[in-house]
Amino acid sequence: MPGVKNAGKIEFSGGTTLPPAEEKSIASARILPKGTTAAITGTVTAIFTAGGKNNVFVQDETAGIIVRGTGLESKVKAGDQIKASGPINDYFGMPQLEPASSDTVVVVKEGAGIPAPQAVSSQDINEQTEGELVTVTHAEVGMKDMNGNFSASDSKGKFVIKPADSFLLAEGKKYDSITGVVDYNFNEYKLIPRTAADVIEDSSAVLPVSANPAPGLVKAGTEVTLTSGTEGAVIHYTLDGTEPSEQSQEYTGPIKIEKDTVIKAAAMKSGFKSSEMSEFEYKIQKASVRIHDIQGETHHSPFNNQNVSDVEGIVTYVADSNNFYMQDMNPDKNDHTSEGVLVYKRAHGLQSGDSVKVSGQVKEWVLEGYSEKLQTDLPVTEINAAGITKVASGMPLPEPVVIGKDRKAPTQIIDNDQFGTFDPEEDGIDFYESLEGMRVAVENPKIIAPQNYGELNVVPGTVETNTVSGGLRATKDDFNPERLIIDINDNSFLAKTGDYFKGTVNGVLSYGFSNYKILSQRTELPEFVQGKTEREITAIKSKKDELTVASYNVENFSPADRDEKVTKLAQAIVNNLKSPDIVGLTEMQDNDGPADSGTTAADLSFKRLIDKIKALGGPEYSYTDIAPEDKKDGGQPGGNIRVGFLYNEKRVKLAPGTKGTATQAVGYEKGKLTLNPGRIDPGNKAFESSRKPLAAQFKFRGENVIVIANHFNSKGGDEPLFGKNQPPQLKSEIQRHQIAGIINSFVKDVKKKDPQANMIVLGDFNDFEFSKTFDILKGSELANMVDKIKPEERYSYTYQGNSQVLDHILVSRHLAETTKADIVHINSSFMEEQGRASDHDPLLIQVDFSSRQRICSILDQIPYTNKEQFDKLCTR
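Okay, here's the thing in structure tokens:
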């Protein structure tokens, strides 16, 4: 492969210098320890944008790598030979060099030429070609999954293709050749075709004709350029509606459009089949188009895929070197149509306050998001600019719309008509669409969740919050469409639930990662005020005859965790939970954490936590768990998370019994578990790639207590609240319903055989107290103690500004009246720097066996006792 080796020190005019770094071949750089700074020289083969940054594929004669950074798309082009310097990182197995800024990436030779792709088979798409440009011949494309990945095969086997644009491939077609760069993500290698020229269906035919600008509305006098990807091909075209042939007009230069015109064109070359005919229809834009015309009263522009000319606006926000937002200074009087729009133009060179006229094609574009964004997220209306005219600079910006004052967001409904009616006054999703791309403001915003990923979840200062920490609680009928996300692009900003700003935050309303958000900057924020939210200590006090049981998700805990996290978790158990008698733990990893070594035992994980608890003045806990089969229970690959128990032997004893294995199913016979501890129906398909419930029987002051620890499958795969599909489909709940049914059946069996059985079911259920999951799980046998907690305290987790309950403790119904419950808010409202040790708050219950026994003994002797009330309290 062509490239440059040992280029030595390179100096450039204009003051650009590279930081000192040892120059390496790309093959050598790829295997350097994470964080090691290196310099590499190679040729750019592809450029993509992901997560707000550019992924530049670079290769030399030894290997390929990704150079990832901001502002690179406007600095380098495919075919350039570049030198880049920065630390080597590893993104889920894909090596990448991450320059501190675009200044540390310089062009050695512009237009050096893209190296010829290597001819490979499906079996060669692996680590040996990772990051390099390759071609697979005679490939058949299969089905496309929800993430835009196509299955494919050739004579050697199967492989995966993830094209830059999904329209490049068609399901069920055969292709003579497919060229692209080799990427690695989500545990598989993928071929990424860059453009239509990389995908050759019939190599014996000339590639079809393309036109620039794209067909649609154009100004009179617009010149259209025709091209074919086949070198040496001759283009023939017609303007009278007839089919083009060799006798038709030969294309030799741009075609000027002075009236509504249809161009029909085909490309021809000796020795090749002629291309398929291409048709391009242009219409003259007869009147000026304003931004509100482009946006319309809809989520998709009425001008989508059409050209517009000289659209006027003031640049209000520069997102990066290729993207900016502009707004019309002469709005209409319709609040349903936005006056702002996103504009894409490489290296636009504009600043906020520039007055511009933009010509180009209107597109509905899905911005940054998760891998499934094309299937789940709303698009943002943008103009893909062919030309921009700067009229003036330093112009005043339009006044922002003050959300909560000028216009108020709906406070309950996100969407109730499946986009059938565009009604911003009623539907939150329509309200924010009507402001897309516009300058907005929030006065005295209250922070309703800890800062995460450089984003602040807020509500206007006039909106009343409804949790003790100052958040908004999600309920069955209200997921709080009034919450706003302010993207300050600074994940070092410290903010917790209950903090607030004294003043106004300004920004531009955009959309990304499944949510509308206000784009702003930390440097422009008003005065920040810390609220009074503090980490809680439970009010429940240990008593001789009362059993305390906690549930705590410790978020991928292992011996590899920092001492700081171990200390925080131990302090919480000792001080905030007051050393419960039993602690049900979820997300305990194996002894070497995420390392994929085949290890499944977690004795060292438990020991590290137990030792720290004792060192901080807590009891010396014992523990019990059952190690899962390797990589069979989901979670972080190699981590083998499981549920387990800590228990204080000075207060409770694990009942005698044989410990089960990962595949043995526990039962209940003659008043005890057949395995102790034992897993519930671990072979059931409902538990595929998910944690298996663990049942353990304890003895407390003469009482047998069965505790079942759970960690139901996550909500991954559920569609977003503000997504393109309304109402969102909650695909993950199907599995949780199955699991809930299995647990309830187990409880039913125990209660049938022993009506007096004391049962506690706890854990991270990844579902809400009002969900169908809990209707199934509770049945007529269990009561959810979360329901006893005051609404303003009823949350254990915060997600995108919604305080919600995912962690629960249920008890046998006869225990409910004599059981206290508490959610101890020590994590969900805080950042790590403020004491957070996990993303979940722990729960605690206290069961008073003595009072129940005393009351039932008295009631049993009263002949006129209400039988229904007696059974509810005393029948076990």
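Taking our numbering, I'd label the letters of the sequence shown as residues 57 to 932. Backbone N, C-alpha and C fix where the C-beta goes; we use that ideal spot for every residue, glycine too. Being a predicted model, the structure only gives us computed values, none of them experimental.
Based on the DSSP output, what are the partners of residue 324 in its beta bridges?
-> As a working note, residue 324 is residue 268 in the sequence shown. DSSP output for residue 324 lists 290 as bridge partner(s).
Tell me the start and end of each unbroken beta strand (DSSP E) in the segment 167-248 that is at least 3 residues and wholly inside, in chain order.
-> 174-176, 189-200, 206-210, 213-217, 230-241 and 244-248
Quick one, are the C-beta atoms of residue 632 and residue 592 less than 8 Å apart?
-> For the purposes of this step, residue 632 is identified with residue 576 of the sequence shown, where counting begins at 1. For the purposes of this step, residue 592 is identified with residue 536 of the sequence shown, where counting begins at 1. Going by C-beta atoms, residue 632 is nearer than 8 Å to residue 592.
Residue 310 burial status per 10 Å Cβ neighbour count (16 or more: buried) | The residue you call residue 310 lines up with position 254 of the sequence shown. That one is exposed.
Which parts of the segment 680-767 are runs of the beta strand (DSSP E), unbroken and 3 residues or longer, counting only runs that do not cross its ends?
-> 698-703, 750-756 and 759-767
Grouping DSSP H, G and I as helix and E and B as strand, with all else coil, what is residue 70?
-> In the sequence shown, the residue the question calls residue 70 occupies position 14. Only weak support exists for where residue 70 lies, its pLDDT of 36 falling under 50; the value from the coordinates is given anyway. Residue 70: coil per DSSP, three-state reduction.
Neighbour flag for residue 626 against chain E, beta carbons, 8 Å = Absent here is chain E; the protein component of the structure consists of one chain.
Using the C-alpha atoms, what's the distance from residue 105 back to residue 136?
-> Your numbering for residue 136 matches position 80 in the sequence shown. Your numbering for residue 105 matches position 49 in the sequence shown. Rounded to the nearest angstrom, the two C-alpha atoms are 18 Å apart.
What are the start and end residues of the beta strand (DSSP E) that includes residue 495?
-> By 1-based counting over the sequence shown, the position of residue 495 is 439. Run containing residue 495: 495-499, per the beta strand (DSSP E) assignment.
So, are the CB atoms of residue 47 and residue 299 less than 8 Å apart?
-> Past the edges of the chain, shown from 57 to 932, lies residue 47, and the structure says nothing about it.
Bridge partners - residue 553, DSSP secondary structure assignment | Along the sequence shown, one-based indexing puts residue 553 at 497. In the DSSP output, where bridge partners are listed per residue, residue 553 has none listed.
Ordered along the chain, which non-local residues of its own chain (more than five positions away) have a Cβ less than 8 Å from that of residue 64?
-> Mapped onto the sequence shown, residue 64 falls at position 8. Any answer about residue 64 is weak, because its pLDDT of 36 lies below 50 and its placement is not dependable; what the coordinates show is given next. Closer than 8 Å at Cβ, skipping near neighbours: 79.
Check the DSSP bridge columns for residue 864 and list the partner residues they point to.
-> Taking the first residue of the sequence shown as position 1, residue 864 is located at position 808. The partner list for residue 864 (beta bridge, DSSP) reads 819.
Quick one, are the C-beta atoms of residue 146 and residue 90 less than 8 Å apart?
-> Locating residue 146 in the sequence shown gives position 90, where the first residue counts as 1. Locating residue 90 in the sequence shown gives position 34, where the first residue counts as 1. For residue 146 and residue 90, yes; Cβs fall inside 8 Å.
With distances taken between CB atoms, is the gap from residue 187 to residue 242 smaller than 8 Å?
-> Reading the sequence shown from its first residue, position 131 is the one you call residue 187. Reading the sequence shown from its first residue, position 186 is the one you call residue 242. No, the pair does not count as a contact, with Cβ atoms beyond the cut-off.
Reduced DSSP category for residue 789 - H, G, I as helix; E, B as strand; rest coil = Taking the first residue of the sequence shown as position 1, residue 789 is located at position 733. Three-state result, residue 789: helix.
Residues near residue 19 by beta carbon distance below 7 Å, same chain, minus five either side | No statement about residue 19 is possible, as the shown extent of the chain runs from 57 to 932 and does not include it.
Would you kindly check if the distance between the Cβ of residue 585 and the Cβ of residue 637 is under 8 Å?
-> Residue mapping note: residue 637 aligns to position 581 of the sequence shown, counting from 1. Residue mapping note: residue 585 aligns to position 529 of the sequence shown, counting from 1. It is not a contact, given that the beta carbons lie outside the stated cut-off.
From 220, 182, 176 and 240, residue whose alpha carbon lies closest to that of residue 211 = Start at 1 with the first residue of the sequence shown, and residue 211 comes out as number 155. Taking only the C-alpha atoms, the option nearest residue 211 is 176.
Sequence-distant residues of its chain with Cβ nearer than 7 Å to residue 514 (five each side left out) = For the purposes of this step, residue 514 is identified with residue 458 of the sequence shown, where counting begins at 1. Only 498, 501, 502, 503, 504, 540 and 542 meet the Cβ criterion.
In the DSSP assignment, find the unbroken alpha helix (DSSP H) run with residue 484 in it and report its ends.
-> Taking the first residue of the sequence shown as 1, we reach residue 484 at position 428. Note, residue 484: alpha helix (DSSP H), 484-489.
Would you say the segment 686-698 touches the segment 650-657, given that touching needs at least three Cβ pairs under 8 Å?
-> yes
Identify whether residue 593 lies in helix, strand or coil by the three-state DSSP scheme.
-> Your numbering for residue 593 matches position 537 in the sequence shown. DSSP places residue 593 in coil when its eight states are reduced to three.
Length at least 3, wholly inside the segment 560-648: the beta strand (DSSP E) runs in chain order = 560-568, 571-575, 583-585, 602-613 and 638-644
Quick check: the segment 842-851 against the segment 791-808, are there 3 or more CB pairs under 8 Å?
-> no
Which residue from 568, 588 and 564 puts its Cα closest to that of residue 577?
-> As a first step, residue 577 must be located in the sequence shown, where it is residue number 521. The candidate whose alpha carbon is nearest that of residue 577 is 564.
What do you get for residue 619, buried or exposed, if any count of 16 or more other CB atoms within 10 angstroms of its CB means buried?
-> Your numbering for residue 619 matches position 563 in the sequence shown. Result: exposed.
Report, in whole angstroms, the separation of the C-beta atoms of residue 864 and residue 821, which I expect to be a contact under 8 Å.
-> Indexing the sequence shown from 1 puts residue 864 at position 808. Indexing the sequence shown from 1 puts residue 821 at position 765. Contact flag correct, Cβ pair sits at about 5 Å.
Near residue 675, what residues of its chain come up, given a Cβ to Cβ distance below 6 Å and the 5 sequence neighbours on each side ignored?
-> Numbered from its first residue, the sequence shown carries residue 675 at position 619. Taken in chain order, the residues that qualify are 635 and 704.
Spatially closest choice to residue 701 from 667, 727, 644 and 664, by CA coordinates = As a first step, residue 701 is located in the sequence shown; it is residue number 645 there, counting from the start. The shortest C-alpha separation from residue 701 is found at 644.
Answer with buried or exposed for residue 452, where buried requires no fewer than 16 other C-beta atoms within 10 angstroms of its C-beta.
-> In the sequence shown, the residue the question calls residue 452 occupies position 396. The residue in question, residue 452, is exposed, as its Cβ has fewer than 16 Cβ neighbours within 10 Å.
If you draw a straight line from the C-alpha of residue 884 to the C-alpha of residue 772, how long is it?
-> For the purposes of this step, residue 884 is identified with residue 828 of the sequence shown, where counting begins at 1. For the purposes of this step, residue 772 is identified with residue 716 of the sequence shown, where counting begins at 1. Cα-Cα distance, rounded: 19 Å.
Secondary structure at residue 330, three-state DSSP: helix, strand or coil?
-> The residue you call residue 330 lines up with position 274 of the sequence shown. Coil.
Are the CB atoms of residue 174 and residue 213 nearer to each other than 8 Å?
-> Looking up residue 174 in the sequence shown gives position 118. Looking up residue 213 in the sequence shown gives position 157. It is not a contact, given that the beta carbons lie outside the stated cut-off.
Buried or exposed (CB count within 10 angstroms, at least 16 for buried), residue 199 | As a working mapping, residue 199 is identified with position 143 in the sequence shown. Under this definition residue 199 is an exposed residue.
Is it the case that the Cβ atoms of residue 779 and residue 434 are separated by a distance below 8 Å?
-> Position 723 of the sequence shown, counted from the first residue, corresponds to residue 779. Position 378 of the sequence shown, counted from the first residue, corresponds to residue 434. For residue 779 and residue 434, yes; Cβs fall inside 8 Å.
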